[in-house]
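Asker:
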Amino acid sequence: GWLEVDIEKLSGNVLALPTREQISGDINEQLIVELYSK
């Protein structure tokens with residue numbers, strides 16, 4: 007995984023940036039680019 011969570015300390019760390027295949031959900035990157043280019 008790319009995230010680490012410590013429930014006892016209520017903390018978390020990002021160990022690495024996720025690849026596109028590791029991100030769940032139907033994401034349309036083109037719509038994001040269009041939104042932020044306005």
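Residue numbers in the sequence shown follow this note's numbering, run continuously in steps of one, and reach 44 at the last position. Ideal Cβ placement from N, Cα and C applies to all residues, glycine included. Computed from a predicted structure; not experimentally measured.
Can you give me the Cβ contacts of N19 inside the same chain, cut-off strictly under 6 Å, excluding the 5 residues immediately before and after it?
Answerer: E10
Asker: Do you know how far the Cα of I29 is from the Cα of A22?
Answerer: 13 Å
Asker: Measuring straight from C-alpha to C-alpha, what distance separates E14 and I38?
Answerer: 36 Å
Asker: Consult DSSP for L21 and reduce its assignment to one of helix, strand or coil.
Answerer: Residue state, collapsed to three classes: coil.
Asker: Using DSSP's beta-bridge definition, name the partner residues of E10.
Answerer: N19
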